[in-house]
Amino acid sequence: CLGHQAIVAHYGGTVGRAEDVMHGKSSAITHTGEAMFAGMPQPLHVARYHSLMALELPDGLTPLAKVGTTVMAVYQSDDKMLGFQFHPESILTAEGSRLLLQSIHYLTKED
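Take 113 as the starting number for the sequence shown in this note's numbering and just add one per residue.
Take a look at the structure:
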């Protein structure tokens, strides 16, 4: 999730304190169904371990998933940057291994 926050900050967005600290908690996110989320349950239950979040997204970052108003995944197409505000590697994330594999395939495919 720190990588997600770094991506947001790098492209000119704002990162700040989350209203609620989410350490070791599971949330049901809604996603766009974009390639890395293809075939994933809707909503998708994911593991969260963070106290910071993206408060404002810059132009050029596309939100791919949310829980409420909290952006949970972003993508920047020119640089092929993908960030998750959750932990796909956690046992609390449903289909986490599949999500990581699909993300790698999407990010490394030739255009």
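All residues carry an ideal CB built from backbone N, CA and C; glycine is no exception. Because the structure is a prediction, the values reported are computed rather than measured.
The three-state secondary structure of His143, taken from DSSP, is strand.
Excluding five sequence positions before and after Tyr187, the CB atoms of its chain that fall closer than 6 Å to its own CB belong to Thr174, Leu176, Leu194, given in chain order. By the Cβ criterion, the segment 146–156 is not in contact with the segment 116–135, since fewer than three pairs of Cβ atoms, one from each stretch, lie closer than 8 Å. Out of Glu207, Asp190, Ala166, the CA that lies nearest to the CA of Val179 is found in Ala166. The three-state secondary structure of Ala121, taken from DSSP, is helix. Fully enclosed beta strand (DSSP E) runs of no fewer than 3 residues occupy 156–168, 174–179 of the segment 150–182, in order along the chain.
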